[in-house]
Amino acid sequence: MERTGPTVRFSGLLAAATAAVLAAGALVATAPAAGAADVNLARNGGFESGLDGWSCTAASGAAVSTPVHGGTKALKATPAGSDNAKCSQTITVKPNSSYTLSAWVQGSYVYLGASGTGTTDVSTWTQSSGAWKQLTTTFRTGPSTTSVSVYTHGWYGTPAHYVDDLTLVGPGGDPVVIPAVPAGLKTTAITSSSVALSWNAVSGASGYNVYRGGTKVATATGPSATVTGLTPSTAYSFQVSATNAAGESAKSAAVTATTTAGGGGGGDTKLPARALVGYLHSSFANGSGYTRMADVPDSWDVINLAFGEPTSVTSGDIRFALCPVAECPNVESEAEFKAAIKAKQAAGKKVLISIGGQNGQVQLASTAARDAFVTSVSKIIDTYGLDGLDIDFEGHSLSLNTGDTDFRSPTSPVIVNLISAVKSLKAKYGSDFVLTMAPETFFVQLGYQFYGSGPWGGQDPRAGAYLPVIHALRDDLTLLHVQDYNSGPIMGLDNQYHSMGGADFHIAMTDMLLAGFPVAGNTSRVFPGLRPDQVAIGLPASTQAGNGHTTPAEVNKALNCLIKKTDCGSYQTHGTWSDLRGLMTWSINWDRFNNWEFSRNFDAYFGN
37 MERTGPTVRF SGLLAAATAA VLAAGALVAT APAAGAADVN LARNGGFESG
87 LDGWSCTAAS GAAVSTPVHG GTKALKATPA GSDNAKCSQT ITVKPNSSYT
137 LSAWVQGSYV YLGASGTGTT DVSTWTQSSG AWKQLTTTFR TGPSTTSVSV
187 YTHGWYGTPA HYVDDLTLVG PGGDPVVIPA VPAGLKTTAI TSSSVALSWN
237 AVSGASGYNV YRGGTKVATA TGPSATVTGL TPSTAYSFQV SATNAAGESA
287 KSAAVTATTT AGGGGGGDTK LPARALVGYL HSSFANGSGY TRMADVPDSW
337 DVINLAFGEP TSVTSGDIRF ALCPVAECPN VESEAEFKAA IKAKQAAGKK
387 VLISIGGQNG QVQLASTAAR DAFVTSVSKI IDTYGLDGLD IDFEGHSLSL
437 NTGDTDFRSP TSPVIVNLIS AVKSLKAKYG SDFVLTMAPE TFFVQLGYQF
487 YGSGPWGGQD PRAGAYLPVI HALRDDLTLL HVQDYNSGPI MGLDNQYHSM
537 GGADFHIAMT DMLLAGFPVA GNTSRVFPGL RPDQVAIGLP ASTQAGNGHT
587 TPAEVNKALN CLIKKTDCGS YQTHGTWSDL RGLMTWSINW DRFNNWEFSR
637 NFDAYFGN
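Quick note on this note's numbering: the sequence shown kicks off at 37 and runs consecutively.
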């Protein structure tokens, strides 16, 4: 969240992280000699038949007659905007086998890689290739891998590049057969509105379907899933099937589970079924102007006071004060502000202190800072009679130390101490304590591709750094509203990049939070999806509030897709999230500046 105008910090970070990973992939470019039984498995790798066998993003790919490396045709692919001109092909392979991937390329920043290998996905690239240059990398498939995706792409903002004579050499895959029925289905966690399930992995399966009472309610890429949107104190029956290119297995034996009665954990703490969350610039002024607490319309269900900030980055000592009169001539008195908060609460609204923001870097690197955080935040909550806490840590507040690779058991002090501090606050104030978080996409959804400094080092250590915090506090979490703005392109669960500003971005980013995803592509480390009632979509209220403003029409399309599974466009969600909580915006002040367009649209959509 920003005090001033929008800034974009993301693209360089993502590019750096990606380049580091891809550069690491280039280290494995030496190929072993092919065996006698090895063959070229790539279909139409010379593009002599146009794009037959290939899938290219948008309209970026075409077969051309010049320049070519061999034959009469080559691929020409042109990055445009957020499209990196990726072309890919799925190829049947054998498990536990070695393969050599090779292609001739021409152009700047051209990439070649393979994903879905079941071991370590590989890639290699060339920074500049004025003439044709051969890229080569190798990989070994996992014990249950029967297909891989090979791909080539360019980079954002670069000119067209060319690819020709792509080959994948290795043993041919066996015909794909329908996988066996999954065994070992069991429940692993039960709440008032969700049931977590796991089962034994099935050899040859590329995915799984989860059924509730005979109706498919979820899909999964690995042997676990969480079914959400359930009713408290209700018995349910679940089954699971395995799928691949050949079809779907029969359903497994059923397992039954009864949801709990509710009232504990990260419940809604008496929020309405559809909630509108907004940030109120209480401690500063900017181009949007100062808005008094008493003047906040009734549309807003959660009001986050922006911001509580530390006395220094590492002190943990958080302070909050109303905007100075010199900066905000129309600021109310302390007494008026407190009275207005009580009036909002009497009307059923929640008022929270938001910690951090763009300028408020908070690093709880020591137990002393952790304890100071708990003490100082408690003082703010008590002084103003607030309902809870919003965590809006940005910039360099959260990062993962080298070697901290599992979001389920973090070791970095700034992560561990934040989790401990929030749990202490939750324990102090009880079950009615409202806890919300507003991370940027870089710290959450980017974790699907990159986590911390990565297995080879060199990545941005902040990538995905919010995931361990969200996961550890999921039972205490009231709302997660990721900032779907000021973001670079992010890869969704469809393995395509999505860009901010339209319905598609919000659909893909929100679906990731609800369906869950393997962190850094590791299917043994899956971030479980949150309950829909724990998730709101974060958007800027106007074009002045942040990059990635989304028009009301596009906001409504995103809501239609996620709640009703209509207006989804090309992205296929992994469920129908009818209990999605609502929307968050930066900010109430900017919405007022924009004639309340954002909140009026929310009220109109949900019939408030």
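Here a beta-carbon is modelled for each residue, glycine too, at the ideal position from N, C-alpha and C.
Legend entry - N-terminal and C-terminal residue of the beta strand (DSSP E) that Trp140 is part of: Looking up residue 140 in the sequence shown gives position 104. Counting along the chain, the beta strand (DSSP E) containing Trp140 begins and ends at Ser134 to Ser151.
Legend entry - Beta-carbon gap between Gly206 and Ser134 smaller than 8 Å: Looking up residue 206 in the sequence shown gives position 170. Looking up residue 134 in the sequence shown gives position 98. In contact: Gly206 and Ser134 (Cβ atoms closer than 8 Å).
Legend entry - For Val458 and Leu529, believed in contact at Cβ under 8 Å, the rounded distance: Position 493 of the sequence shown holds residue 529. Position 422 of the sequence shown holds residue 458. Val458 and Leu529 do not touch by the CB rule: their CB atoms are close to 28 Å apart, not below 8 Å.
Legend entry - Cβ contact check for the segment 475-484 and the segment 517-535: 3 or more pairs under 8 Å: Yes: the two stretches touch, three or more of their Cβ pairs being nearer than 8 Å.
Inset, instruction - Could you name each continuous beta strand (DSSP E) segment of 3 residues or more that falls completely within the segment 273-324, going from the start of the chain to the end? - result: If we require 3 residues or more, the beta strand (DSSP E) runs fully inside the segment 273-324 come out as 291-294 and 311-317.
Inset, instruction - Would you kindly check if the distance between the Cβ of Leu316 and the Cβ of Ser335 is under 8 Å? - result: The residue you call residue 335 lines up with position 299 of the sequence shown. The residue you call residue 316 lines up with position 280 of the sequence shown. 8 Å or more divides the Cβ of Ser335 from the Cβ of Leu316.
Inset, instruction - Can you give me the Cβ contacts of Arg628 inside the same chain, cut-off strictly under 6 Å, excluding the 5 residues immediately before and after it? - result: Taking the first residue of the sequence shown as 1, we reach residue 628 at position 592. If we look at Arg628 and ignore the five residues flanking it on each side, its Cβ neighbours are Thr327.
Inset, instruction - Enumerate in chain order the residues of its own chain whose CB-to-CB distance from Ser578 is below 6 Å, with the five nearest sequence positions on each side excluded. - result: As a first step, residue 578 is located in the sequence shown; it is residue number 542 there, counting from the start. The residues are Trp626 and Asn630.
Inset, instruction - Compare the Cα-Cα distances from Ala290 to each of Thr296, Glu284 and Ser277 and report the closest residue. - result: Position 254 of the sequence shown, counted from the first residue, corresponds to residue 290. Minimum Cα distance to Ala290 is reached at Ser277.
Legend entry - Heavy atom of the ligand PLP within 7 Å of Asp88 beta-carbon: Absence of the ligand PLP is noted for the structure shown, with no ligands found whatsoever.
Inset, instruction - For Val231, I'd like the list of residues in its chain whose CB is within less than 8 Å of its CB, leaving aside the five on either flank, ordered along the chain. - result: Locating residue 231 in the sequence shown gives position 195, where the first residue counts as 1. For Val231, where only same-chain residues beyond five positions count, the Cβ hits under 8 Å are Thr223, Ala225, Thr262, Val263, Leu266, Tyr272, Phe274, Ala293 and Thr295.
Inset, instruction - Output the distance between the C-alpha atoms of Lys287 and Asn280, rounded to the nearest integer angstrom. - result: Translated into positions along the sequence shown, residue 287 becomes position 251. Translated into positions along the sequence shown, residue 280 becomes position 244. Answer to the nearest angstrom: the Cα atoms are 14 Å apart.
Inset, instruction - May I have the straight-line CA-CA distance separating Leu422 from Ala408, to the nearest angstrom? - result: Translated into positions along the sequence shown, residue 422 becomes position 386. Translated into positions along the sequence shown, residue 408 becomes position 372. Looking at the two C-alpha atoms, the distance is approximately 19 Å.
Inset, instruction - Closer than 8 Å by C-beta to Arg406: which residues in its own chain qualify, once you throw out the five before and the five after it? Chain order, please. - result: Along the sequence shown, one-based indexing puts residue 406 at 370. For Arg406, where only same-chain residues beyond five positions count, the Cβ hits under 8 Å are Gly352, Leu400, Asn453, Leu454, Ser456 and Ala457.
Legend entry - Nonlocal neighbours in the same chain, by C-beta distance under 8 Å from Val158, ignoring five residues either side: Position 122 of the sequence shown, counted from the first residue, corresponds to residue 158. Gly61, Val64, Leu137, Gly149, Ala150, Thr173, Thr174 and Phe175.
Legend entry - Cut-off 6 Å between Cβ atoms - residues of its own chain near Thr587, not counting five sequence neighbours on either side: For the purposes of this step, residue 587 is identified with residue 551 of the sequence shown, where counting begins at 1. Counting only Cβ-Cβ distances below 6 Å, and skipping sequence neighbours, we find nothing.
Legend entry - For Ala254 and Ile214, the rounded distance between their alpha carbons: Position 178 of the sequence shown, counted from the first residue, corresponds to residue 214. Position 218 of the sequence shown, counted from the first residue, corresponds to residue 254. Each residue's CA atom was taken as its position, placing Ile214 and Ala254 some 19 Å apart.
Legend entry - Where the beta strand (DSSP E) through Ile31 begins and ends: The displayed coordinates of the chain run from 37 to 644. Any statement about residue 31 would go beyond what the structure contains.
Inset, instruction - Would you kindly report the start and end of the unbroken alpha helix (DSSP H) that includes Trp492? - result: For the purposes of this step, residue 492 is identified with residue 456 of the sequence shown, where counting begins at 1. Where Trp492 is concerned, there is no enclosing alpha helix (DSSP H), given that its DSSP letter is neither H nor E.
Legend entry - Cα-Cα separation, Gly89 to Ala98: Sequence index remark: in the sequence shown, residue 89 carries index 53 (1-based). Sequence index remark: in the sequence shown, residue 98 carries index 62 (1-based). Between Gly89 and Ala98, the alpha-carbon positions lie close to 13 Å from each other.
Inset, instruction - Say whether the segment 597-616 touches the segment 536-556, bearing in mind that this needs 3 or more beta-carbon pairs closer than 8 Å, one atom from each stretch. - result: For the pair of segments examined, the segment 597-616 was found to touch the segment 536-556: the number of CB pairs separated by less than 8 Å reaches three.
Legend entry - Residues that Ile526 bridges to, as DSSP identifies them: Position 490 of the sequence shown, counting from 1, holds the residue named residue 526. According to DSSP, residue pairing for Ile526 in a beta bridge involves His534.
Inset, instruction - Have a look at the DSSP bridge pairing and note the partners of Cys92. - result: Indexing the sequence shown from 1 puts residue 92 at position 56. Within the DSSP bridge table, the entry for Cys92 names Cys123 as partners.
Legend entry - Span separating the alpha-carbon of His507 from that of Gly431: Your numbering for residue 507 matches position 471 in the sequence shown. Your numbering for residue 431 matches position 395 in the sequence shown. Roughly 20 Å separates the two Cα atoms.
Inset, instruction - Look up Asp442 in the DSSP assignment and say whether it is helix, strand or coil. - result: For the purposes of this step, residue 442 is identified with residue 406 of the sequence shown, where counting begins at 1. The answer is coil: DSSP assigns Asp442 none of H, G, I, E or B.
Legend entry - Met620: first and last residue of the uninterrupted beta strand (DSSP E) it sits in: Along the sequence shown, read from residue 1 onward, the residue named residue 620 stands at position 584. Note, Met620: beta strand (DSSP E), Gly618 to Trp622.
Legend entry - Outcome for Gly302 when other beta-carbon atoms lying within 10 angstroms are tallied against a minimum of 16: Mapped onto the sequence shown, residue 302 falls at position 266. Because the pLDDT of Gly302 is 47, which lies under 50, any placement of that residue in the model is unreliable, and the number read from its coordinates should be weighed accordingly. The residue in question, Gly302, is buried, as its Cβ has 16 or more Cβ neighbours within 10 Å.
Inset, instruction - Answer yes if the segment 174-188 comes into contact with the segment 238-245, meaning at least three C-beta pairs across the two stretches below 8 Å, and no otherwise. - result: Yes, the segment 238-245 is in contact with the segment 174-188.
Legend entry - For Gln553: DSSP bridge partner residues: The residue labelled residue 553 in the question sits at position 517 within the sequence shown. Checking the sequence shown, residue 553 turns out to be Phe, not Gln. Phe563.
Inset, instruction - Select from Lys306, Thr251, Asn245 and Thr270 the residue whose C-alpha is nearest the C-alpha of Gly283. - result: Here residue 283 corresponds to residue number 247 of the sequence shown, with the count starting at 1. Per the Cα distances, Asn245.
Legend entry - Assigned secondary structure, Met473 (DSSP; H/G/I helix, E/B strand, else coil): As a working mapping, residue 473 is identified with position 437 in the sequence shown. Met473 falls in the strand class under three-state DSSP.
Inset, instruction - Alpha carbon to alpha carbon, how far is Lys306 from Ala376? Give it in angstroms, no decimals. - result: Numbered from 1 along the sequence shown, position 340 holds the residue referred to as residue 376. Numbered from 1 along the sequence shown, position 270 holds the residue referred to as residue 306. Approximately 20 Å, taken between the alpha carbons.
Legend entry - Best match in Ile599, Leu616, Pro576 and Asn596 for proximity to Trp632 [C-alpha to C-alpha]: In the sequence shown, residue 632 corresponds to position 596, counting from 1. Nearest C-alpha to Trp632: Pro576.
Inset, instruction - Let me know if Gly466 comes out buried or exposed under the rule of 16 or more other beta-carbons within 10 Å of its beta-carbon. - result: As a first step, residue 466 must be located in the sequence shown, where it is residue number 430. If you draw a 10 Å sphere on the C-beta of Gly466, you find fewer than 16 other C-beta atoms in it, and that means exposed.
Legend entry - Exposed unless 16 or more other CB atoms sit within 10 angstroms - verdict on Pro365: Walking along the sequence shown from the start, residue 365 turns up at place 329. It is exposed - the Cβ of Pro365 has fewer than 16 other Cβ atoms within 10 Å.
Legend entry - Nearest candidate by alpha-carbon position, reference Leu202, set Lys378, Phe642, Gly107 and Asp639: The residue given as residue 202 occupies position 166 in the sequence shown. Comparing Cα positions, the closest option is Gly107.
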